[in-house]
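Report on the structure given below.
In the numbering used here, the protein residues as written are 5 to 510.
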């Protein structure tokens, strides 16, 4: 019997062991359907429909990244249809509730069922921020926290709702002097409106197609680049004076005696001599001071001391967990010891003056993060071209800008083989990324974009079935997004279990 499913949308969540058994059985079946044209996304594409799949932690989730994989494996599109009669004769089918049967039949019979989003991703060398520093997304581990970004600039370290790794076929390379991204066609890109600077989101492929229509070579899209310190950064359990001493010893000190972590600092500049003595006395750290007798170090003042255990370190990686007060102190002190003034010309030939910090890679990473948040501006990292004996030296430059412009000439489409693409799903829908020393906020795996498409379809009376995994944080965020778009598109809805007034929401 054919049932009219107009305006039916269903959240199907496994609630008990019996439901899990049903889903485990049904998850073996996959439907791949070919559509000539999708009126929602306004492009030709292959739609796929799939039931839930179980991961190692026995959590059911939507099978993601299936379409790119199948396109690689079956260029002519492999179609595998479920035998409905065989499914109805299965003993498990008899245990289903009526509304579950209707939902599954709707999924299998309707060619326009939308299940989850195709995962938009970045390349494996793109980095994400943890409380301990930047890390390649390809090296993510289950214990890592990810710095998510909100459209108002707030950030927060959270456990990602999902980590995606799928085969890659093509990327869009966006590259300019101050900016670089490598994104898949489906990746969600946050950009700013021209007048009110409000955050909007679109896929990379749609933005690329928009550029193709531009006739003016100077036409551009504005990308936000700034962020604030993570809201859940509680700060370091050390005094302000010890924080300043730590920065001083990482800049100009070295370990002379490892047994007791004896630090030796040699200074020639008068301002640094005075500052070193001042900081040690304020921190109440005993020290010895003498003039260098070496003919190679004439005029140098040598200071030695043993720092407290809290700051017995040779790098500044713990400063990623600074609060706002500590971050201001850190940026000020780092610029004093290893800062300089850069004078050069910008693209229009005007004189540009900005502050620069030099140091080892981890310390420059810390400075970039803290200075970006405190100065609310773009801070980019570059490698020093000079050669050094022990390790490479990098520098970070503070710019006055808060946004980047993508021009038509900055985008290039490239084909990729034998590699993977990666992404996160975060509660806010965005996370902080970095590519070749340039930080930018980027979208997650595309749930919001697909929810918007689903709501547009509901508005147009297209039958829709939505399956959400039983994962509380993801469920709450998804339902919240649905309600936002229901209001935006003026869609009536009912909340409750079962079938009511032509709509279902479980």
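Where a beta carbon is used, it is the ideal one built from N, C-alpha and C, also for glycine.
Cβ pair count under 8 Å reaching 3, the stretch 422 to 434 against the stretch 385 to 398: No: the two stretches stay apart, fewer than three of their Cβ pairs being nearer than 8 Å.
Residue 345 classed as buried or exposed, judged by whether at least 16 other C-beta atoms fall within 10 angstroms: As a first step, residue 345 must be located in the chain shown, where it is residue number 341. Exposed, because fewer than 16 other Cβ atoms sit within 10 Å of the Cβ of residue 345.
8 Å Cβ cutoff met for residue 233 and residue 159: Within the chain shown, the letter at position 229 stands for residue 233. Within the chain shown, the letter at position 155 stands for residue 159. Yes, the Cβ-Cβ distance between residue 233 and residue 159 is below 8 Å.
CB of residue 361 within 8 Å of CB of residue 373, strictly: One-based indexing of the chain shown puts residue 361 at position 357. One-based indexing of the chain shown puts residue 373 at position 369. No; because the gap between Cβ atoms is not below 8 Å, this pair is not in contact.
Completely contained beta strand (DSSP E) runs for the stretch 124 to 189, where each covers 3 or more residues: DSSP runs (the beta strand (DSSP E)) wholly in the stretch 124 to 189: 131 to 134, 137 to 140, 150 to 153, 159 to 162, 166 to 171, 174 to 179, 184 to 187.
Inter-residue CB distance, residue 489 and residue 227 (contact presumed, cutoff 8 Å): By 1-based counting over the chain shown, the position of residue 489 is 485. By 1-based counting over the chain shown, the position of residue 227 is 223. The pair is not a contact, with the Cβ atoms about 24 Å apart (cut-off 8 Å).
Whether residue 320 touches residue 251 by CB criterion (8 Å): In the chain shown, residue 320 corresponds to position 316, counting from 1. In the chain shown, residue 251 corresponds to position 247, counting from 1. Yes, these two residues count as a Cβ contact at 8 Å.
Whole-angstrom distance between residue 202 and residue 492, CA atom to CA atom: By one-based count along the chain shown, residue 492 stands at place 488. By one-based count along the chain shown, residue 202 stands at place 198. Each residue's alpha carbon lies about 17 Å from the other.
Sequence-distant residues of the same chain with beta carbon closer than 8 Å to residue 302, five excluded per side: Taking the first residue of the chain shown as position 1, residue 302 is located at position 298. Within the same chain, residue 302 has close Cβ partners 296.
According to DSSP, residues forming a beta bridge with residue 446: By 1-based counting over the chain shown, the position of residue 446 is 442. Beta-bridge pairing links residue 446 to 435.
Any C-beta of chain D under 8 Å from that of residue 242: Here there is only one protein chain, and chain D is not present.
Reduced DSSP secondary structure (H/G/I, E/B, other) of residue 229: Within the chain shown, residue 229 is the residue found at index 225, counting from 1. Three-state DSSP puts residue 229 in coil, outside helix and strand.
Which residues DSSP lists as bridging residue 338, in chain order: Position 334 of the chain shown, counted from the first residue, corresponds to residue 338. Residue pairing by DSSP places residue 338 in no beta bridge whatsoever.
Residue range of the beta strand (DSSP E) that includes residue 267: In the chain shown, counting from the first residue as 1, residue 267 sits at position 263. Secondary structure note for residue 267: its beta strand (DSSP E) is the uninterrupted segment 266 to 271.
Limits of the beta strand (DSSP E) - the one that residue 212 falls within: The sequence position of residue 212 within the chain shown is 208, counting from 1. Counting along the chain, residue 212 falls outside any beta strand (DSSP E), though it belongs to the alpha helix (DSSP H) covering 208 to 217.
Three CB pairs or more closer than 8 Å across the stretch 279 to 287 and the stretch 190 to 207: Result no; under three Cβ-Cβ pairs closer than 8 Å.
Assigned exposure category for residue 336 - 16 Cβ within 10 Å defines buried: Position 332 of the chain shown holds residue 336. Exposed: under 16 other Cβ atoms inside 10 Å.
Cβ-based neighbour list, residue 403, same chain, cut-off 8 Å, excluding 5 preceding and 5 following: The sequence position of residue 403 within the chain shown is 399, counting from 1. Excluding positions up to five away in sequence, the list reads 182, 358, 381, 382, 383, 384.
Proximity winner among 365, 188, 317, 208, relative to residue 440 (alpha-carbon distances): Within the chain shown, numbered from 1, the residue matching residue 440 stands at position 436. Of the listed residues, the one whose Cα sits closest to residue 440 is 365.
Contact between the stretch 304 to 317 and the stretch 253 to 268 (3+ Cβ pairs under 8 Å): By the criterion of at least three beta-carbon pairs nearer than 8 Å, the stretch 304 to 317 is in contact with the stretch 253 to 268.
Pair within 8 Å by beta-carbon distance, residue 153 and residue 438: Mapped onto the chain shown, residue 153 falls at position 149. Mapped onto the chain shown, residue 438 falls at position 434. 8 Å or more divides the Cβ of residue 153 from the Cβ of residue 438.
Nonlocal neighbours in the same chain, by C-beta distance under 7 Å from residue 61, ignoring five residues either side: If you number the chain shown from 1, residue 61 lands on position 57. With a pLDDT of only 42 at residue 61, under 50, the local geometry of the prediction cannot be trusted, and the value read off the model is given with reservation. Within the same chain, no residue comes within 7 Å of residue 61 by CB-CB distance, once the 5 residues on both sides are set aside.
Beta strand (DSSP E) segment containing residue 395, residue limits: Residue 395 sits at position 391 when you count from the first residue of the chain shown. Note, residue 395: premise wrong, no beta strand (DSSP E); not H, not E.
Length of the line joining the Cα atoms of residue 168 and residue 427: One-based indexing of the chain shown puts residue 168 at position 164. One-based indexing of the chain shown puts residue 427 at position 423. So the alpha carbons of these two residues sit roughly 5 Å apart.
Same chain, Cβ closer than 7 Å to residue 231, five either side skipped, listed in chain order: Reading the chain shown from its first residue, position 227 is the one you call residue 231. Take residue 231, set aside five residues on each side of it, and the residues of its chain with a beta-carbon closer than 7 Å to its own are 153, 157, 159, 376, 377, 436, 445, in chain order.
Alpha-carbon spacing of residue 343 relative to residue 325, whole angstroms: Position 339 of the chain shown, counted from the start, is the residue given in the question as residue 343. Position 321 of the chain shown, counted from the start, is the residue given in the question as residue 325. Answer to the nearest angstrom: the Cα atoms are 22 Å apart.
Coil, strand or helix - residue 371 by DSSP: In the chain shown, residue 371 corresponds to position 367, counting from 1. Residue state, collapsed to three classes: helix.
Length of the line joining the Cα atoms of residue 179 and residue 279: Reading the chain shown from its first residue, position 175 is the one you call residue 179. Reading the chain shown from its first residue, position 275 is the one you call residue 279. Going from the Cα of residue 179 to the Cα of residue 279 covers about 42 Å.
Beta-carbon proximity list for residue 332, same chain, < 8 Å, skipping 5 on both sides: In the chain shown, counting from the first residue as 1, residue 332 sits at position 328. Residues of the same chain with a CB within less than 8 Å of the CB of residue 332, apart from the 5 flanking positions on each side, are 378 in chain order.
Alpha carbon of residue 305 to alpha carbon of residue 294, nearest angstrom: On the chain shown, position 301 is the one that residue 305 refers to. On the chain shown, position 290 is the one that residue 294 refers to. Distance between the alpha carbons of residue 305 and residue 294 is about 6 Å.
Close Cβ partners of residue 291 (< 6 Å) along its chain, the five nearest in sequence each way excluded: Here residue 291 is taken as the residue at index 287 of the chain shown, counted from 1. Counting only Cβ-Cβ distances below 6 Å, and skipping sequence neighbours, we find 284, 307, 309.
Residue 494 to residue 398 span [Cα, whole Å]: The residue given as residue 494 occupies position 490 in the chain shown. The residue given as residue 398 occupies position 394 in the chain shown. When only Cα atoms are considered, residue 494 and residue 398 end up about 53 Å apart.
Pairwise C-alpha distance: residue 392 and residue 35: Position 31 of the chain shown, counting from 1, holds the residue named residue 35. Position 388 of the chain shown, counting from 1, holds the residue named residue 392. Note on residue 35: pLDDT 34, under 50, position unreliable in the model; the coordinate value appears next. Annotation: residue 35 to residue 392 spans about 58 Å, alpha carbon to alpha carbon.
Environment of residue 410 [buried if 16+ CB atoms lie within 10 Å]: Position 406 of the chain shown, counting from 1, holds the residue named residue 410. With 16 or more Cβ atoms within 10 Å of its Cβ, residue 410 is classed as buried.
Check whether residue 406 and residue 275 have beta carbons under 8 Å apart: What you label residue 406 is simply residue 402 of the chain shown in a count that begins at 1. What you label residue 275 is simply residue 271 of the chain shown in a count that begins at 1. Not in contact: residue 406 and residue 275 (Cβ atoms no closer than 8 Å).
Residue 187 beta carbon less than 8 Å from that of residue 193: If you number the chain shown from 1, residue 193 lands on position 189. If you number the chain shown from 1, residue 187 lands on position 183. Taking 8 Å as the Cβ cut-off, residue 193 and residue 187 qualify as a contacting pair.
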